[in-house]
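K.L.:
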Amino acid sequence: HLEQKPFFIDRLMVIAARDWPDLEGNTANLGDLLGEAFVGLSAGHPLQEHITRQAARLGGHLHFRIRVPGLDNVCRLVAQGAGIAIVPESAARRSARSLRSLRLTDDWATRQLNLCARRFDELTPQAKLLAAALV
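According to this note's numbering, the stretch in the sequence shown is residues 0 to 134, in order.
#1: Can you tell me whether Q79 is buried or exposed, with buried defined as 16 or more other CB within 10 angstroms of its CB?
#2: Which residues in the same chain have their Cβ closer than 6 Å to the Cβ of G82, if we skip the five residues on either side of it in sequence?
#3: Starting from L11, follow its DSSP beta bridges and name the residues at the other end.
#4: Can you check DSSP and say which residues form a bridge with A108?
#5: Can you tell me whether Q3 is helix, strand or coil according to DSSP?
#6: Tell me which residue opens and which closes the alpha helix (DSSP H) that A54 is part of.
#7: By how many angstroms is the C-alpha of A131 removed from the C-alpha of Q53?
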């Protein structure tokens, strides 16, 4: 059993090159994107696996043009027109000058991230300071 404290709300965004065709408006849902070419994170990356599972739940799959390690690499390739991607809002903001982003409207695209510990009251003093700073 783990204790949990809310840490961060992680919203996923669709990113594309500024001139990428077929993406209109400010929002999108995964079902409408399944025919697009994707730039993805490396196989086995937890975020990418989560997105892939969501596509499978819709009866589809993602068509990866390329998979790379790291969100910075994903954003760089998307900006160069290699495809679209689904990334955390923080990554989309860092690359906002070279990309356009759309909010992903699927319910699963907003995730509550939690800080977990067996017992917060039994953490070392340093770990307690870190936990307090994070939450």
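Glycine included, every Cβ here is placed at the ideal spot set by N, Cα and C.
P.N.:
Considering the structure as presented:
#1: By 1-based counting over the sequence shown, the position of residue 79 is 80. When all chains shown are included, Q79 counts as exposed.
#2: Here residue 82 refers to the residue found at position 83 when the sequence shown is read from its first residue. A36, F37, V38, R64.
#3: Locating residue 11 in the sequence shown gives position 12, where the first residue counts as 1. Beta-bridge pairing links L11 to P87.
#4: Here residue 108 refers to the residue found at position 109 of the sequence shown. Paired residue(s): none; A108 is not in a bridge.
#5: Within the sequence shown, numbered from 1, the residue matching residue 3 stands at position 4. Note: Q3 maps to strand in three-state DSSP.
#6: As a working note, residue 54 is residue 55 in the sequence shown. Run containing A54: 45-56, per the alpha helix (DSSP H) assignment.
#7: Residue 53 sits at position 54 when you count from the first residue of the sequence shown. Residue 131 sits at position 132 when you count from the first residue of the sequence shown. Straight-line Cα distance between these residues: approximately 33 Å.
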